[in-house]
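A.B. asks:
Protein chains in written order, with our numbering: chain A, 827 to 1138; chain B, 827 to 1138.
1) Does residue 979 of chain B get closer than 8 Å to chain A when you measure Cβ to Cβ?
2) Do you know how far the Cα of residue 1008 of chain B is from the Cα of residue 874 of chain A?
3) Figure out for me which residue from B:1073, B:1023, B:1099, B:835 has the closest Cα to the Cα of residue 1084 of chain B.
4) Counting only Cβ-Cβ distances shorter than 7 Å, please list the residues of the stretch 1100-1129 of chain A near chain B, keeping chain order.
5) Starting from the C-beta of residue 1059 of chain A, find all residues in its chain whose C-beta is less than 6 Å away, skip the five residues before and the five after it, and write them out in chain order.
6) Mind checking residue 1130 of chain A: buried by the 16 CB within 10 Å criterion, or exposed?
7) Does the CB of residue 1003 of chain B have a neighbour CB from chain A at under 8 Å?
8) Output needed for residue 1019 of chain B: all residues of its chain with C-beta closer than 7 Å, excluding positions within five of it in sequence on either side, in chain order.
9) Which class does residue 1073 of chain A belong to by DSSP, given the choice of helix, strand or coil?
10) Suppose you measure from the CA of residue 933 of chain B to the CA of residue 1014 of chain B; what does that come to, to the nearest Å?
11) Of all the CB atoms in chain A, is at least one closer than 8 Å to the CB of residue 964 of chain B?
12) Taking 8 Å as the cut-off, does the stretch 949-958 of chain A touch the stretch 1017-1035 of chain B (at least 3 CB pairs, one atom from each stretch)?
13) Helix, strand or coil, according to DSSP, for residue 1090 of chain B in the structure here?
14) Please report the straight-line C-alpha distance between residue 878 of chain B and residue 957 of chain B, rounded to a whole angstrom.
15) Given a cut-off of 8 Å, decide if residue 908 of chain A and residue 876 of chain A are closer than it, judged by their beta-carbon atoms.
16) Does the beta carbon of residue 1009 of chain A come closer than 8 Å to any beta carbon on chain B?
17) Between which two residues does the beta strand (DSSP E) carrying residue 1047 of chain B extend?
18) Residue 809 of chain A by DSSP, collapsed to three states: which one?
19) What does residue 1131 of chain B reach in chain A if we use C-beta pairs closer than 8 Å?
20) May I ask you to report which of helix, strand or coil DSSP gives residue 918 of chain B?
21) Can you give the Cα-Cα distance for residue 918 of chain A and residue 1016 of chain A, rounded to whole angstroms?
22) Run down chain B in chain order and give the residues with a C-beta less than 7 Å from the C-beta of residue 982 of chain A.
23) Using a C-beta cutoff of 8 Å, does residue 1050 of chain B count as contacting chain A?
24) I need the DSSP call for residue 893 of chain B, collapsed to helix, strand or coil.
25) With DSSP run on the structure shown, which of helix, strand or coil describes residue 926 of chain A?
26) Could you confirm whether any beta carbon from chain A is found closer than 8 Å to the beta carbon of residue 1043 of chain B?
27) Mind pulling the chain A residues with CB within less than 7 Å of residue 970 of chain B?
28) State yes or no: is the C-beta of residue 1132 of chain A within less than 8 Å of the C-beta of residue 1135 of chain B?
29) Can you tell me whether residue 1086 of chain A is buried or exposed, with buried defined as 16 or more other CB within 10 angstroms of its CB?
30) Would you give the residue range spanned by the alpha helix (DSSP H) that residue 952 of chain B belongs to?
31) What in chain B is Cβ-close to residue 997 of chain A, meaning under 7 Å?
32) Pairing CB atoms from the stretch 919-928 of chain A with CB atoms from the stretch 893-907 of chain A, are three or more of them under 8 Å?
33) Could you give the distance in angstroms between the alpha-carbon of residue 1117 of chain A and the alpha-carbon of residue 1073 of chain B?
34) Would you please state the rounded distance, in angstroms, between the beta carbons of residue 852 of chain A and residue 881 of chain A? I believe it to be under 8 Å.
35) If I follow the unbroken alpha helix (DSSP H) through residue 1034 of chain A, where does it start and stop?
36) Relative to the C-alpha of residue 856 of chain A, which residue among A:868, A:846, A:841 is closest?
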């Protein structure tokens, strides 16, 4: 049995990335019901909202699920208390130091994975004693590494230095890219963008449609001075681009950002002035489908592609 | 039999990328002798120098080999005349429009592949009637696409729209990444950086050593206004970075570049002031080895990794 499946008690080694404004209880439950691991994205939730989403997920699936917790916000410890109270079995932490909460979470019986984008932090994950590492490439929707290392380069590098179960992220939205990730040495994959464009995601329908329409070159990795994210190119992106070109300071950038622009874009559907975070793989997403169909076709394509790989 | 092997009459679907100052006759012949396809990099050669390299390659191997011809230089038509005179069987064109020379080369009995970095140019390749397409991701040493699409995203996209034999490039330097490229839908791989750090490449020994020492984040895609290339970070890179940050015009950039800086760096070994073009995969290259060992270990690792891919 695959070690990621065994670790989390799931059927397929497919993790749904926790994404602000897009991954609530409905998406997480759908992914877990379809045999993957659904994650509630806590980044855009107040603690009481997170609690509601956890309770609704538990009501909607009997399968394991988790919470993604970006370590960027003031309320992290309140979030953790909710997670422990509600007996969530799995937490994926990201955008911070894995040494901070891993042992505390594990003491509370929670399985912990942490998201990194370079070897240095992969080794910190080992030191922290995480159960799994997510290594995320430049092509991902965010939060990406400053080194811009892409998935095909990153995964063999990380594999070389860690034995911990390894999940690849960035550029994975179909069975071919999933198989590629496993070929690179990953034990499983984390899929973000493809699940944003699912029926069950809480992304605004117009955002889903924009993902379907996105082509090569329609995203760019931005905000490298603050927290790197990949943006779909709209008015908001142009504003950020202008500030970056003017070499604006961090405070000016943060001031500009600090207006709920991500919610405005991804959740409320303002396709011009909102912040739209998405991966490069959006260029290869052509439809909005139910989660069960997405997972089913990924696995079918994975198997078909595996059968036809030349032995050489 | 694999279609790339059949097309070029080679044992393994491994193409050695044609690289200025690094891929002369010795490298090309070594790759062809080891069962791959060696390419002489014409970009840094005067026509008479190219002729000498072709003749030496013919003397050093009985296997098929080719010439890589970046369509950037004034002497392209003289190069083509040399290639036809010397009966070179295979040409890889790059950095230009495939419609320009493909039919002329093919009329002269030459097999033609063209290097692209997006779907638009892949379709132009089909229109031009090329025999194979090389699709090159953001992580490659150059010349990269403006869209910054990475290999894991690019290959499934191109595979979806073209049936032409497809060669993946960018981030491929080991058996794992080779297998990943095939999983993505490629029929073969083009390998650049890994062969620069080979015994037989004409790169300066100090450049080879710098590749071995390179870590994550030590390269960056630069010169996007002119011809995008990925540079190892040294003084030359810092100068370019400064000009780009000052939003210097193309003429100022070209003036700065127009001093044989690539030769100075990669061939003559000035590790500070020379231009050092290399891929992200340099972070995963730990030694300088003979070409035969490089190819042997790639194939061994490919086979081992293929055997252990989970069926799911």
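Just so it is clear, CB atoms sit at the ideal spot from N, CA and C, and this is done for glycine as well.
C.D. replies: With the structure as the only source:
1) yes
2) 47 Å
3) B:1099
4) 1106, 1107, 1109, 1110, 1125, 1128, 1129
5) 1044
6) exposed
7) yes
8) 967, 999, 1037, 1104, 1105, 1107, 1108, 1111
9) coil
10) 25 Å
11) yes
12) no
13) helix
14) 26 Å
15) yes
16) yes
17) 1045-1048
18) Because chain A is modelled from 827 through 1138, residue 809 of chain A falls outside the range shown and cannot be assessed.
19) 1009, 1011
20) strand
21) 11 Å
22) 1000, 1002, 1003, 1110
23) no
24) strand
25) coil
26) yes
27) Those within 7 Å of residue 970 of chain B in chain A number zero; the least Cβ separation is about 11 Å.
28) yes
29) exposed
30) 945-954
31) 976, 978, 979
32) yes
33) 45 Å
34) With a Cβ gap of about 13 Å, residue 852 of chain A and residue 881 of chain A do not count as contacting.
35) 1031-1039
36) A:841
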